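In full-length UniProt numbering, the protein residues as written are 1 to 486.
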């Protein structure tokens, strides 16, 4: 049987995954259970969703440096991916349910760059390209019986993607801008199928033999198997249940329940909500480029399940729902040097620090950005802002001072001086205490809301001198909701 050059017209394009994609690279389809898997090399994670993009969740996260390609064999419930980590290049495998992660190939000596990856279903082998040695290799699913198929050929000078059909291996090459093929065992009979005008990226062979069939353990219950939501194929060809973002798997390992409790943090071009027990595991769809440019401060409104953040590059304040939808700009008019941000979840107002007309001030507006006004003027060196709506108090740092006022700006006064670069201003709403980091001293401090009962609760000079944020985790700390901000 010979592969034919057949070209199809792409039509009826629809978006299945739109948000939370920083640098999506590897992509593969589970054609038996009807799921789609992909790698995001910037977020260092593997995600999975139904083929229509629903029931999206994080499958594997953490301990990744430069993950790129992904492949699977749903007949055996096994998933493979490459990681061209400069210090630890490797190929890993796991169950398609995310269990049993292990390294099946590593190269600590020659500094390999494993990138392209595919599966030989008939031989139960993986085949991958290496852009460092300019070679294509093959091994059994467990990493044993490794062979070098071809190396250093004229049309194999910087391979990127690889696929198989019959007895031949196909690959794309960035240096020669070619799509080529050769014998999958010997590397002989190299021929160029097509030369491209630009660097060719991924490669797939469209043929039923590339997706061999097997019993579907998730077939019952409209593709959900024994699960209330997401059904994934496990190593032993059994069904394993998973939960979409913002849900947890119950003790029966089958039923998902809603759990909107996570740690929220920001770093420049990302906002993530992660599982508090597993900070590598994204619990919500990550907010990233192009929605995020240079985020500095993030807060939330639990009542409407929205996140708010400041973007110093675009000089805006934006918001979106925690499921990734409803992105909009609420403040964008003539503001610079945005610093603190705080949501008043009782009065439904938004407070922030920014510079306008050469003056730095604390502003307030409705959550949609309307009816903006200034309540505190003449701030010199602000860093952070916090509010206690139930007590009607507003707190902020200015240089080495910590300040307090009523939320309308009245009765402004200094609580503490000489705090040496205070950052991470945060409130324990249950205990009515104010916390902050004195980064110049390397201490974590706290006091009552009126400034009384000051104490240093921790001193870690080296660890805290570069700290930027602080949050309180405990009963009643999450503003009538279940998120924690850090």
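C-beta atoms are modelled at their ideal positions from N, C-alpha and C, and glycine is treated no differently. Remember, it's a predicted structure, so these values are computed and weren't measured experimentally.
Item                                                                                                                                                              : Value
So, using beta-carbon positions, are residue 470 and residue 435 closer together than 7 Å?                                                                        : yes
Just confirm the distance between the C-beta atoms of residue 202 and residue 161, as a whole number of angstroms; I'd bet it's less than 8 Å.                    : 5 Å
Assuming residue 425 and residue 467 make a contact with CB atoms under 8 Å, what is their CB distance in whole Å?                                                : Not confirmed; about 12 Å, so no contact.
Helix, strand or coil for residue 209, going by three-state DSSP, please let me know.                                                                             : helix
Which of helix, strand or coil does DSSP assign to residue 223?                                                                                                   : helix
Pick helix, strand or coil for residue 262, following the three-state DSSP scheme.                                                                                : strand
Spell out the partners DSSP gives residue 336 in its beta bridges.                                                                                                : 355
Straight-line CA distance for residue 439 to residue 223?                                                                                                         : 53 Å
Nearest to residue 255 by CA position, among 272, 226, 377, 86, is which residue?                                                                                 : 226
Closer than 8 Å by C-beta to residue 236: which residues in its own chain qualify, once you throw out the five before and the five after it? Chain order, please. : 77
Mind listing, in chain order, the continuous beta strand (DSSP E) runs of no fewer than 3 residues lying wholly within the stretch 170-202?                       : 178-183, 191-195
Determine the contact status of residue 169 and residue 182, defining contact as a CB-CB distance below 7 Å.                                                      : yes
What does DSSP give as the partner residues of residue 67 in its beta bridges?                                                                                    : 83
What does DSSP give as the partner residue(s) for residue 273 in the beta ladder?                                                                                 : 264
Measure the CB-CB distance between residue 81 and residue 115 and report whether it falls below 7 Å.                                                              : no
Classify residue 197: buried if its beta carbon has 16 or more other beta carbons within 10 angstroms, exposed otherwise.                                         : exposed
Can residue 194 and residue 174 be called in contact, C-beta distance under 7 Å?                                                                                  : no
Would you say residue 419 and residue 444 are within 7 Å of each other, going by their C-beta atoms?                                                              : no
Please determine, among 176, 421, 249, the residue with the shortest C-alpha to C-alpha distance to residue 396.                                                  : 421
Please tell me whether residue 68 and residue 25 are closer than 7 Å, where the distance is taken between their beta carbons.                                     : yes
Under the DSSP definition of a beta bridge, which residues are partnered with residue 361?                                                                        : 354
According to DSSP, what are the bridge partners of residue 422?                                                                                                   : 438
Which of the three DSSP states is assigned to residue 315 in this structure?                                                                                      : coil
What three-state label does DSSP hand residue 476 in the structure shown?                                                                                         : Note that residue 476 has pLDDT 42, beneath the 50 cutoff, so the model's placement of it is unreliable and no number is given.
Assuming residue 149 contacts residue 138 under a Cβ cut-off of 8 Å, what Cβ separation, rounded to an integer in Å, is found between them?                       : 6 Å
Is residue 310 near residue 289, with beta carbons less than 7 Å apart?                                                                                           : no
Using alpha carbons as the reference points, say which of 292, 171, 17, 410 lies closest to residue 307.                                                          : 292
Would you say residue 365 and residue 341 are within 7 Å of each other, going by their C-beta atoms?                                                              : no
Expressed to the nearest angstrom, what Euclidean distance is found between the alpha-carbon atoms of residue 475 and residue 37?                                 : For residue 475, the predicted structure reports a pLDDT of 41, less than 50, and the residue's modelled location is therefore unreliable. A value from the coordinates is still provided. The alpha-carbon atoms of residue 475 and residue 37 are separated by roughly 37 Å.
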